[in-house]
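Report on the structure given below.
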Amino acid sequence: MLELSYLRELREEAVNRLNKRNIDAAGLIAKAADLDGTRRTTQTALDAKQSELNDLSRSIGELMKGGKKTEAEAARAQTTAIKGDIQRMQEELNAVETALRDQLCLIPNAPNANVPPGKTPEDNITVMEEGDKPVLPEDAKPHWELGEDYGILHMDLGVKLTGAGFPVYSGQGAKLQRALISFFLDRAIAAGYEEIIPPHMVNAESAFATGQLPDKEGQMYHATADGLYLIPTAEVPITNLYRDVIVEADKLPIRNVGYTPCFRREAGSYGAHVRGLNRVHQFDKVEIVRIEKPENSYAALEGMVEHVKGLLRDLELPYRQLLLCGGDMGFSSALTYDMEVWAGAQKRWLEVSSISCFETYQSNRLKLRYRGEDKKPKLAHTLNGSALALARIVAAIMENNQTPEGIRMPKALQAYTGFDMIRK
RNA sequence: GGAGAGGUGGCAGAGCGGUUUAACGCGGCGGUCUUGAAAACCGUUGUGCCUUCACGGGCACCGGGGGUUCGAAUCCCUCCCUCUCCGCCA
Numbered sequence: 440m441l442e443l444s445y446l447r448e449l450r451e452e453a454v455n456r457l458n459k460r461n462i463d464a465a466g467l468i469a470k471a472a473d474l475d476g477t478r479r480t481t482q483t484a485l486d487a488k489q490s491e492l493n494d495l496s497r498s499i500g501e502l503m504k505g506g507k508k509t510e511a512e513a514a515r516a517q518t519t520a521i522k523g524d525i526q527r528m529q530e531e532l533n534a535v536e537t538a539l540r541d542q543l544c545l546i547p548n549a550p551n552a553n554v555p556p557g558k559t560p561e562d563n564i565t566v567m568e569e570g571d572k573p574v575l576p577e578d579a580k581p582h583w584e585l586g587e588d589y590g591i592l593h594m595d596l597g598v599k600l601t602g603a604g605f606p607v608y609s610g611q612g613a614k615l616q617r618a619l620i621s622f623f624l625d626r627a628i629a630a631g632y633e634e635i636i637p638p639h640m641v642n643a644e645s646a647f648a649t650g651q652l653p654d655k656e657g658q659m660y661h662a663t664a665d666g667l668y669l670i671p672t673a674e675v676p677i678t679n680l681y682r683d684v685i686v687e688a689d690k691l692p693i694r695n696v697g698y699t700p701c702f703r704r705e706a707g708s709y710g711a712h713v714r715g716l717n718r719v720h721q722f723d724k725v726e727i728v729r730i731e732k733p734e735n736s737y738a739a740l741e742g743m744v745e746h747v748k749g750l751l752r753d754l755e756l757p758y759r760q761l762l763l764c765g766g767d768m769g770f771s772s773a774l775t776y777d778m779e780v781w782a783g784a785q786k787r788w789l790e791v792s793s794i795s796c797f798e799t800y801q802s803n804r805l806k807l808r809y810r811g812e813d814k815k816p817k818l819a820h821t822l823n824g825s826a827l828a829l830a831r832i833v834a835a836i837m838e839n840n841q842t843p844e845g846i847r848m849p850k851a852l853q854a855y856t857g858f859d860m861i862r863k
């Protein structure tokens, strides 16, 4: 949620920033401002009534103690009307507060000044591109065929066990998954991130705080018997560690990394582009999360991008970095870079990482604050990024590194896989 | 899953309908003393919202929600969580 104080004090700036998303920013904000005004007048009136009742109650106590029964009874008679007012005002306040919160939930984060305008992925800016695309023979196979040929990836078995989009890995394919997870974790730890193993299910409060609810309700698997959600990313449990927390300034930045499986319903996305590992309901991901002082957050974002670039280089994958345009950015993000790798047989770019700065949008919901120089709590900035998401990395490695002898493993990974080639 | 006990300020721990605007202690911060430090002593000490140019003032918060009452940390209902014992179990 955007901060009310921001919408109040820098309303014009907020509208301008939000306009990059091609939404009716002025209208959304005007409605929120209206509700906020009503809320404040109601609160002021309610507080005054409450104060009146408190005074009266105190005086009744004193009168009773002094044995002045008659006067006490007279005072007591006055309270009925006040209590009625209080109840009515309280209900009014509750209603307007709910409406205000709902309205604020409709307003996405305000894009950073550097976010390009635009509506679709075509308007994203390619910041850089690195690595040579492999030259593959005409009959080079996409990863889903290679997976079957080598007996390491079985989409059909996943269908049998669960349904479409739940891959089964076996043998060297399974080992490759585990190797990548360890590799990514070790690299993040070496870069100063503390490893976290969080729960894979969260409650509604957590899902709300990081913005999955109410916006993306249909995208999460929901265990209704217990009211829990399967996490779509480790971002949710790890960021929620800091919900309702005030951290001392000298504890910042906080850097966490966590490996978890990720579960996404991906409702409504079918077609040729979702074959094999391109889009699945369950995949593994190593996620990095940072909590920063506002003045450091964008430098931290660049640092996270550099970290991910290092991983992709060591995996010998051609990749490019995109700066997402306003229309393609996630709801909660202020600025997002996507990292994509080249899958040589499909001849497509596959998104393997999304690295975002949320400014105070998440921390406002989380009530995640730090104590600044003046000892007053202030909202911190949150950031996160995939480092990295496995399934598509595996797809690209398989496709790009296919040879007549087998699938070659990147050198940096061989210490983790224990083999240099996947063979039949 | 069953039975019992309990959830109070950064920690520890009283309070169990109206001198609680939450005691005492520890810790934190500021000060006095001191060459400096320790000790001692004095003061101070949370979060959110409303209001005010400001100083300040008001309201709410004793696990969450609801109720009784003129008045609730204190009584009632309900949910959540923790601990102990029993049962089950990787």
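Read left to right, the first sequence gives residues 440 to 863 (the working numbering). Yeah, the Cβ is synthetic: ideal placement off N, Cα and C, and Gly gets one too. Remember, it's a predicted structure, so these values are computed and weren't measured experimentally.
Report the three-state DSSP secondary structure of A487 (helix, strand or coil).
Judged by DSSP in its simplified three-state form, A487 adopts helix.
Three-state secondary structure (DSSP) of A828:
Annotated three-state conformation of A828 is strand, per DSSP.
CB contact flag (P550, K459, <8 angstroms)
Going by C-beta atoms, P550 is nearer than 8 angstroms to K459.
In the DSSP output, which residue or residues are listed as bridge partners for D689?
Its beta-bridge partners do not exist; DSSP assigns none.
Considering only C-alpha positions, which residue in the set A834, M640 and A851 is nearest to A784?
Measuring from the Cα of A784, the nearest candidate turns out to be A834.
What's the gap between the Cα of S795 and the Cα of D859?
Cα to Cα, the separation comes out at about 34 angstroms.
In the DSSP assignment, what residue or residues form a beta bridge with H661?
Note: H661 sits in a beta bridge opposite Y668.
Comparing alpha-carbon positions, which option in S793, G766, H820 and G715 lies nearest L596?
The option with the nearest alpha carbon to L596 is G715.
Would you identify the three-state DSSP class for Y698, choosing helix, strand or coil?
Correct three-state label for Y698: strand.
Tell me which same chain residues have a C-beta within less than 7 angstroms of the C-beta of S793, skipping the five on either side of it?
Here the set comprises T775, D777, G824 and S825.
Distance between beta carbons of R450 and I468, contact taken as under 8 angstroms:
Right, the Cβ-Cβ distance comes to about 6 angstroms (below 8 angstroms), so this counts as a contact.
Alpha carbon of E452 to alpha carbon of T537, nearest angstrom
Near 25 angstroms, if we compare the C-alpha coordinates of T537 and E452.
Helix, strand or coil for D777 per DSSP?
Of the three classes helix, strand and coil, the one that applies to D777 here is strand, per DSSP.
Within the same chain, show all residues whose beta-carbon is closer than 6 angstroms to that of A851, passing over the 5 residues directly before and after it, in chain order.
Hits under 6 angstroms: D753.
Reducing DSSP to helix, strand and coil, say where T649 ends up.
DSSP places T649 in coil when its eight states are reduced to three.
Nearest-angstrom beta carbon gap, I591 and I861 [assumed within contact, 8 angstroms]
About 6 angstroms separates the beta carbons of I861 and I591, which is inside the 8 angstroms limit, making them a contact pair.
Inter-stretch contact (C-beta, 8 angstroms, three-pair minimum) for the stretch 732-748 and the stretch 837-847:
Short answer: they don't touch.
Could you check if A629 is buried or exposed, using at least 16 other CB atoms within 10 Å of its CB as the buried criterion?
Classification of A629: exposed, given that the 10 Å Cβ count is below 16.
Please classify K636: is it buried, with 16 or more other beta-carbons within 10 angstroms of its beta-carbon, or exposed?
Correcting the residue identity first, residue 636 is Ile in this sequence and not Lys. Counting Cβ neighbours within 10 Å, I636 comes out exposed, since fewer than 16 surround it.
Determine the DSSP secondary structure at K507, reduced to helix, strand or coil.
Residue state, collapsed to three classes: coil.
For G657, which residues in the same chain have their Cβ closer than 6 angstroms to its Cβ, ignoring the five residues on either side in sequence?
Same-chain partners within the cutoff: A706.
Could you pull the start and end residues of the alpha helix (DSSP H) that I620 belongs to?
Membership of I620 in the alpha helix (DSSP H) is indicated by the continuous run Q611 to A629.
Tell me, which residues are paired with A534 by DSSP?
A534 pairs with nothing; no bridge assigned.
Identify the continuous alpha helix (DSSP H) that holds I677 and give its terminal residues.
It spans E674 to N679 - the alpha helix (DSSP H) in which I677 sits, taken as one unbroken run.
Short of 7 angstroms in beta carbon distance, which residues of its chain neighbour H639, apart from the five on each side in sequence? Order them along the chain.
Within its own chain, the residues whose Cβ lies closer than 7 angstroms to the Cβ of H639, once the five positions on either side in sequence are excluded, are L669, I670, T699 and P700, listed in chain order.
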